[in-house]
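Student:
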Amino acid sequence: MPESFKDRESDFLQLGTNMWFEGFSLQYLFTHSQQAHEGYGRIFNTFNNTGLERTFYQYDNSRGTSNVHSVKGFKEFMTGTVRNRLSFGARFFDNQLLRRFARLRYANAGERAFIEQWAADNPDAQLRYTITIDEITKAHELSEAEAMSQGLDYWNDNLIDLDYVQANGSATTTDGLLTTDVFSAHISDLITFGDDRAHLLLGLRYNDVEERPPFAGGQAPEPFEGDDISEQAGFVYNFSEDFAGFANYATSYSGNRAVDPDTGLPRPPQTGEAYEIGVKMDLWEGKLSGSIGYFDIAKNSVLKSAFDPDFGESRNELTNDVSEGVEVELFFTPIHNWQTTLAYTYMDAHADLPPTSLPVLGLEGAAPHSYSLWTNYRITEGPLAGLRFGGGVVIAEGPIPQSPTSPNRWIIEDGYTEYDLFARYETMIGNTPTSFGVNIENAGNTFFFRTRGNANERRRVVFSVKLDLM
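Each residue of the sequence shown is one higher than the one before, starting from 1356 at the first, in the numbering used here.
#1: Check this for me: beta carbons of residue 1804 and residue 1768, under 7 Å apart or not?
#2: Per DSSP, what kind of secondary structure is residue 1512 in: helix, strand or coil?
#3: Which parts of the stretch 1453-1534 are runs of the beta strand (DSSP E), unbroken and 3 residues or longer, counting only runs that do not cross its ends?
#4: Between which residues of its own chain and residue 1363 is the CB-CB distance below 6 Å, once the five residues before and five after are set aside?
#5: Whose C-alpha, out of 1520, 1633, 1605, is nearest the C-alpha of residue 1472?
#6: Rounding to the nearest angstrom, what Cα-Cα distance links residue 1790 and residue 1671 in this structure?
#7: By the three-class DSSP mapping on this structure, what secondary structure does residue 1609 have?
#8: Counting pairs of beta carbons, one from the stretch 1651-1661 and one from the stretch 1685-1697, are three or more of them closer than 8 Å?
#9: Where does residue 1762 fall in DSSP's three states?
#10: Using a 10 Å radius around the Cβ and a threshold of 16 neighbouring Cβ atoms, would you call residue 1771 buried or exposed?
#11: Using the three-state DSSP reduction, which class does residue 1691 fall into: helix, strand or coil?
#12: Confirm, please, whether the CB-CB distance from residue 1383 to residue 1395 is below 7 Å.
#13: Between which two residues does the beta strand (DSSP E) containing residue 1639 stretch?
#14: Using the DSSP secondary-structure output, state which residues sit across from residue 1651 in a beta bridge.
#15: Per DSSP, residue 1451 forms a beta bridge with which residues?
#16: Hey, would you say residue 1455 sits closer than 7 Å to residue 1530, going by beta carbons?
#17: Could you have a look at residue 1757 and say whether DSSP puts it in helix, strand or coil?
#18: Taking 7 Å as the threshold (C-beta atoms), are residue 1577 and residue 1565 in contact?
#19: Is DSSP giving residue 1438 helix, strand or coil here?
#20: Contact check, residue 1795 vs residue 1775 under 8 Å by CB: the rounded distance?
Rendered as structure tokens:
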């Protein structure tokens, strides 16, 4: 019987050129990438909100190609006493992705019959139809022999033959060829006036999108086709050498590569509108600087997709998302060899859905409160001259949503605190400048998820030596 496997392969090519003409510069960049993935195994960590996981075998195979052509230009000129920095460009993105899935799920009655038939044909195979979080937790508290004696050694379960899954498994709604063609062009002008105290940014972006969602057979869905012009405006005014105010406004537009299962028509495009306002400061001859800003972002028809453990497939839904909050970033340098950075973010980010008795559907990865503090100090005199050391802490308060869709609103991270430490010592060995270093990442050895499937690394200590031989 085959073991589970996962094979990945990728190729990447990038070519570009820079050109300078009288009065402006021009850049062209081409990027080509290919990705291939193939894997088979039993899917774990797909528990529903009661802590139950049903047996689920899946084979997946995908091949993708992307090509990106981009052109950027820049020109600076004066209009009387007004300075203009004009930038312009265009980008064409072409993507094709062919995907194929085959799965057998115990939660599906038809597929369950195939699982039970295979088990009947292979009576010596160890196969379980369900497992709970409590059983997994208990199994890892026991020795392997004790887990086997109690029938909890799920890691020794057999896999159903891959050929059997491919022959009898069902496809998914994401099977087939997905294509995306996006053309965008932009132009903006940064205008400086009022004795260099006022800076006005004006910009326009044109987007033309064509996306065809995948389909496994039958009548192919109509592609999504749409175009739009987005606007951007920003203003910065220096009230004094120490204080400046800023304000920004922007709209956005993009396609949605999915079909409404009720109508068979493409989903409507995603649109957005964002505001930001705040102040920047530079006090006490640069000893304290930073910014404080308020933001308000609204997006309409946001396509969300996440795995549904009860059905063993991705489910998508459209929501209108809103987020607003405050960001603070401060830099403190009391002396030239000691620097400290402090940041804080408050965020209220959620999907704008009708009120229900269920918890609000928060936006994936959005912590209500997050803090960070980083500091480093360099010794410049005495026997330890050349030693620099410091570290930082990141604190994120929960609940932090881990999935973007309503069925999985219960999956959250309670919050986390992570510490990092480092030290560097620069010296001379003979005539060669040499640096010794040590980095301790996640010094507290905590475990958490920043976003869905994006777990942090356990404690890691890295020693390094750098020799400057030039």
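Quick reminder that beta carbons are idealized off the backbone N, C-alpha and C, glycines included.
Tutor: Based on what the coordinates show:
#1: yes
#2: In the three-state DSSP reduction, residue 1512 falls in the coil class, being neither helix nor strand.
#3: 1485-1487
#4: 1392
#5: 1520
#6: In this structure, the CA atom of residue 1790 is about 51 Å from the CA atom of residue 1671.
#7: strand
#8: no
#9: helix
#10: buried
#11: Correct three-state label for residue 1691: coil.
#12: Cβ distance not < 7 Å, so residue 1395 and residue 1383 don't count as in contact.
#13: Per DSSP, residue 1639 lies in no beta strand (DSSP E) segment and is marked neither H nor E.
#14: 1630, 1679
#15: 1420, 1534
#16: yes
#17: coil
#18: With contacts defined as CB atoms closer than 7 Å, residue 1565 and residue 1577 fail to qualify as a contacting pair.
#19: strand
#20: 7 Å
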